[in-house]
Amino acid sequence: MPPSAYVTLEHEWILIFRKNGRRRFESDEEQLNRQASAYFWEERNVWFNDLWQLPGSTQQLSPTGHRSRNAPFPFELPYRLINMYSVKGDTILDPFLGTGTTTFASMASERNSVGIEVDDSLGKFVLSQISTEKALVLNQYINQRLKQHEQFARGCEKPLNHFNTKHNVAVVTRQETRLQLRFIESVEVRDNEFTIHYTEVEPIIPRVS
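In the working numbering, the protein residues as written are 17 to 225.
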């Protein structure tokens with residue numbers, strides 16, 4: 017009730033910094049990898065908007081035995097940023113590993129990752145979650161990107177003048193023509209390290225000549 021009402025703080029800021037100058041991709045291999053790491057035109061319109069609306073994440077871990085508040089954030093947050101500002105094979109550093117959301121987002125994005133955590137119980141918890149069975153769940157995010165583009169391509173009024181042969185789908189820009197998403201196939205875990213193996217994604221739309 018007035019006059020004691022107050023405005024709630026429901027936004028957080030993402031601060032973006034770049035060290036040195038613009039990153040350069042010199043060799044043909046680096047150029048191809050950059051092109052394979054591209055995003056769809058419609059994704060860019062959402063991801064590079066200055067306001068994101070994402071649902072929050074629960075604070076409570078299960079099983080018990082960890083601190084009750086661990087400042088988790090939605091998977092979509094690091095997943096977008098990793099795909100926006102890195103290429104496949106880059107190493108993502110998370111100095112506050114927590115529940116490992118950034119690690120899993122890196123796995124889904126075909127990036128390497130290093131996580132640092134002072135709470136040993138949390139580190140062990142994250143490692144316990146890294147298995148082939150649990151990692152395969154990440155494929156739903158990759159599949160969702162493909163399905164959303166399929167829906168976009170079918171209903172788009174904008175001319176789709178380019179074609180992505182990896183996924184057999186029409187795209188808006190030339191930058192998308194070599195975009196390549198791959199599914200997680202298996203995970204190898206050894207001590208505090210793990211290796212991810214990927215498999216090719218089948219084309220999502222039959223090509224119409």
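C-beta: ideal position from N, C-alpha, C; glycine also.
No experiment lies behind these values; they were computed from the predicted model shown.
- Counted as a single uninterrupted DSSP element, the stretch harbouring H27 is not any beta strand (DSSP E), since DSSP gives it neither H nor E.
- Leaving aside the five residues that flank K174 on each side, the residues in its chain whose CB is nearer than 7 Å to its CB run, in chain order, V188.
- Nearest to H27 by alpha-carbon distance, out of H165, N180, W68, is W68.
- Out of Q196, T148, H178, the CA that lies nearest to the CA of V103 is found in Q196.
- Taking C-beta separations shorter than 8 Å and ignoring five residues to either side along the sequence, the partners of R50 in its chain run F41, V103, following chain order.
- Judged by beta-carbon spacing, R198 lies beyond the 8 Å limit of E149, meaning their Cβ atoms are not closer than that value.
- Per DSSP, L109 is not a residue of any alpha helix (DSSP H); the beta strand (DSSP E) it occupies stretches across 107 to 110.
- The beta carbons of N155 and I98 sit no closer together than 8 Å.
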